[in-house]
Structures are given as structure tokens and as C-alpha cells.
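In the working numbering, the protein residues as written are 7 to 375. Positions of the beta carbon are idealized from the N, C-alpha and C atoms, including for glycine.
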Ligand SMILES: Nc1ncnc2c1ncn2[C@@H]1O[C@H](COP(=O)(O)OP(=O)(O)OP(=O)(O)O)[C@@H](O)[C@H]1O
Ligand SMILES: [Mg+2]
């Protein structure tokens, strides 16, 4: 891994616009495979900064390097082959089908037809649109959100190492946006592109970014990881921008696995009630978590509601919904803890094998850092 994208004192002054610096000495470095989200109020210079990277807008002063090459020395065709671009407001060509839109760059690269067809198919699958249903349709027959997915697919078509994405999910409703963000992060785990991702939504910036670049009036105010920005906002502007609930927002950055305790009070469901009483005498917990021979969660048994007639754990256990997978966020975990009355949550893996348990105190400790 090395630096894939480097901006060094990049400045843009639009001619005739009162010589206001739309972007003012912007510097940051991105490692290969990192996503940098660029946020800030409308007009702060996000799109301008992005378009200078692929030279759609000429730089007034400063330098930009991709993978060590000064972009001013690359010809624009070579440059744009290495940089995929998803423009604000989608920009699909209305006179071309969806398939043709996605195939623009591969055609420019003179790939043969079977290779292009294969690529179009794979990319449509990647953005969760059925190739047979969508390939031959016109952009105007698609919803705004579907068009944006095509925009993302088109930008990925030439396999560029760098992607510039200008509010790629801006036109999508919150629920689908959340799903698309998750899908996109999954894809990114595989393809590991270096991505500059513009958004005006701070929650999206926090969720998608390895780094956040916060701009104001063309200036860089803070460049930091989401965790750093939420924990140590550089000034009042940043603190305001990330929001008064920044401590709660940090809950999204951690998985349950990170905070859970690995010593839950377990009991095999085939054990006797005597064993349960013995275990209860050794723990403060009001509950024992019941498992089968594979360690899979089967239920819970409560200290104060063991019927006199019960002889085995199974007779006294009740099924429980108070569990979550270790990959879920602490935010979802906390919410789930408050949904039940146990004061904790059972943490399981994908096969419902018990891994640990999570209390509100564990969450508090994790947030302390
Ligand atoms: N072609 C242009 N000529 C003159 N000024 C421009 C031009 N394009 C943008 N600007 C100005 O430069 C500043 C930055 O614009 P830019 O489009 O980069 O903002 P942005 O952060 O992307 O905003 P938004 O969130 O609204 O998309 C704004 O003040 C804008 O008015
Ligand atoms: Mg913009």
C-alpha cells in the first residue's frame, strides 16, 4: 500500500467570479484502497476540488499526483482511464440504452464485444439490477435511484484504480440509500478502489469514509478519520457540523464484537436444575444463557422463575429474542438492549453460536476509548 492520490496546495480561482478562491490550498493524501468523503456546506468547493483531480476543471495552482504521477503530465485520455467518475445529477446519456451507457469506457478502450457484454452483465449484478431486465432499457424508464446505480456501474466499467463520486446516492430515499451504502461497502471490500466521495450528508460521510475531508469556503477545516473527527472536532465549526449527538454517532463506528464481554453465564440445555442453581450461586447474573452441544443459543433461564417441578434446564428455559450478531453496530446493539428487560444482549455469530454478551457499561467503556 502506498499513497494513491496526493493533493498539494491545490487552488482554484474561477475567472471573473470576483477572484474568490473556490478551493484554497487544499492538501491531503489518500492511501490505496481508502475512501475519502468530502463534506461541507453547499458551495464550499466539493465539486470543484473533485473535478480538478481528473482535470475537468483546470487547476489555478498546486499539484495533484495519482500513484506518483503528476496529473498535469498525463494526457487526459490516460488520466480519465485511471479515474472513474460519477457526476452529480447522474448524467446518463438519454439516447443510449443502459447497457450502452455502461459500455462507454470499455468501448473507448477498444475491448472486444464479448468482453464488454460480460462486463456490463457483471456490473449490473454488482449494483443489484437484473441485467436481462435493465440492459436494453432507456435511462428515462428508470427511477432516480436506479439511474444513480447505473452511474456508479458506468464509472467502474474501465476498472479504474481511482473513483470520483459526486453525491452518488443523493437522489435515493433514506432506506434504499442505507442498503446501497452497505452494498457499496461490501463491493469496496473486494475491489479496494481509492475513492473520493462527495456528499453533503454528514452521516453518510461518517459511514462511508476512512477519512473525512471537511471544507468550508474552499478551505480545509479538518482532515481526519471519522472516529478522530467525532472524538476531537478541531473547532466549533466541525463540532457543529458533525452534530451535538456526536458521541451517539460514534456508536455506528464500532461493532458489538469490539465491546462485548466474552464470559457469558452459559449452561447446556440438557443439564439438571441443580447444576443451574449451582451456577446461579456463582454469578451475579439473574439469567443463564442456554446452549446446545454446538454452543448454539436455545434460550434463557431466569433465577427467580424456576418452577419447583422443573428437573432439567430445558423445563425452565424460555426462548429469547435478546440477541444480535457480533458484526452489528453498537448503535443497533444499544437499541436492542433497551428493547428487552434483561439489561444485556446475547452476542452470537451467523450460526447463532453464542460468542459473548453485551451490557450498556461495556458500550460506555468502548466510547471512552
Ligand atoms: N464555472 C464557475 N464559474 C464561477 N464560479 C463557479 C463555477 N463553478 C462553481 N463556482 C463557484 O465556486 C464555488 C464552489 O462551487 P462547487 O460547485 O465546487 O461547490 P459544491 O461544494 O460542490 O456545492 P454543492 O454542495 O452545492 O454541490 C461556489 O461558490 C460556486 O458558486
Ligand atoms: Mg457539488
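DSSP bridge partner residues for residue i (one or two, in chain order)
{"i": "residue 377", "result": "Here the chain has residues from 7 to 375 only, and residue 377 is not among them."}
{"i": "residue 293", "result": "308"}
{"i": "residue 329", "result": "352"}
{"i": "residue 225", "result": "222"}
{"i": "residue 169", "result": "90 and 201"}
{"i": "residue 302", "result": "359"}
{"i": "residue 335", "result": "261"}
{"i": "residue 9", "result": "37"}
{"i": "residue 19", "result": "27"}
{"i": "residue 32", "result": "16"}
{"i": "residue 364", "result": "351"}
{"i": "residue 278", "result": "318"}
{"i": "residue 272", "result": "295"}
{"i": "residue 217", "result": "42"}
{"i": "residue 267", "result": "363"}
Cβ-based burial, residue i [other Cβ within 10 Å; buried from 16]
{"i": "residue 106", "result": "buried"}
{"i": "residue 159", "result": "buried"}
{"i": "residue 175", "result": "buried"}
{"i": "residue 99", "result": "exposed"}
{"i": "residue 313", "result": "exposed"}
{"i": "residue 116", "result": "exposed"}
{"i": "residue 24", "result": "exposed"}
{"i": "residue 282", "result": "buried"}
{"i": "residue 60", "result": "buried"}
{"i": "residue 114", "result": "exposed"}
{"i": "residue 181", "result": "exposed"}
{"i": "residue 325", "result": "exposed"}
{"i": "residue 21", "result": "exposed"}
{"i": "residue 229", "result": "buried"}
{"i": "residue 327", "result": "exposed"}
{"i": "residue 344", "result": "exposed"}
{"i": "residue 183", "result": "buried"}
{"i": "residue 74", "result": "exposed"}
Close beta carbons around residue i, own chain, < 7 angstroms, minus the five adjacent residues each side
{"i": "residue 172", "result": "53, 56, 92, 93, 94 and 204"}
{"i": "residue 129", "result": "108, 159, 162 and 163"}
{"i": "residue 247", "result": "208 and 220"}
{"i": "residue 338", "result": "330"}
{"i": "residue 76", "result": "69"}
{"i": "residue 146", "result": "100"}
{"i": "residue 348", "result": "293 and 328"}
{"i": "residue 82", "result": "61"}
Cβ-based neighbour list, residue i, same chain, cut-off 8 angstroms, excluding 5 preceding and 5 following
{"i": "residue 155", "result": "133, 134, 135 and 186"}
{"i": "residue 36", "result": "9, 10, 11, 12, 42, 200, 202 and 217"}
{"i": "residue 197", "result": "162"}
{"i": "residue 261", "result": "332, 333, 334, 335 and 336"}
{"i": "residue 255", "result": "209, 212, 236, 248 and 249"}
{"i": "residue 277", "result": "318 and 319"}
{"i": "residue 26", "result": "19, 20 and 224"}
{"i": "residue 323", "result": "275, 296, 304, 305, 306 and 307"}
Integer-rounded CB distance, given that residue j should sit under 8 angstroms from residue i
{"i": "residue 353", "j": "residue 297", "result": "Wrong, their Cβ atoms sit about 13 angstroms apart, outside the cutoff."}
{"i": "residue 87", "j": "residue 167", "result": "Not quite, the Cβ-Cβ distance comes to about 10 angstroms (not below 8 angstroms), so this is no contact."}
{"i": "residue 45", "j": "residue 177", "result": "Residue 45 to residue 177, Cβ: 18 angstroms. No contact."}
{"i": "residue 275", "j": "residue 372", "result": "Not really, about 31 angstroms apart at Cβ, beyond 8 angstroms."}
{"i": "residue 309", "j": "residue 279", "result": "Not a contact, Cβ separation roughly 12 angstroms."}
{"i": "residue 368", "j": "residue 266", "result": "6 angstroms"}
{"i": "residue 2", "j": "residue 257", "result": "Outside the modelled stretch of the chain, which goes from 7 to 375, sits residue 2, for which no answer is possible."}
{"i": "residue 270", "j": "residue 363", "result": "4 angstroms"}
{"i": "residue 294", "j": "residue 273", "result": "4 angstroms"}
{"i": "residue 120", "j": "residue 127", "result": "That pair is no contact at about 11 angstroms."}
{"i": "residue 169", "j": "residue 90", "result": "4 angstroms"}
Neighbourhood of residue i by C-beta distance below 6 angstroms, restricted to the same chain and skipping five residues each side
{"i": "residue 112", "result": "122, 125 and 163"}
{"i": "residue 67", "result": "17"}
{"i": "residue 225", "result": "30"}
{"i": "residue 417", "result": "There is no way to answer for residue 417, as the model of the chain reaches only from 7 to 375."}
Heavy atom of ligand 4 within 7 angstroms of residue i beta-carbon
{"i": "residue 57", "result": "In the structure shown, ligand 4 is absent; the only ligands present are ligand 1 and ligand 2."}
Check your understanding: Can you list, in chain order, the stretches of the beta strand (DSSP E) that have 3 or more residues and sit fully within the segment 44–110?
Key -> 67–72 and 89–92
**Study point:** Segments assigned beta strand (DSSP E), at least 3 residues, entirely inside the segment 125–152
**Key:** none
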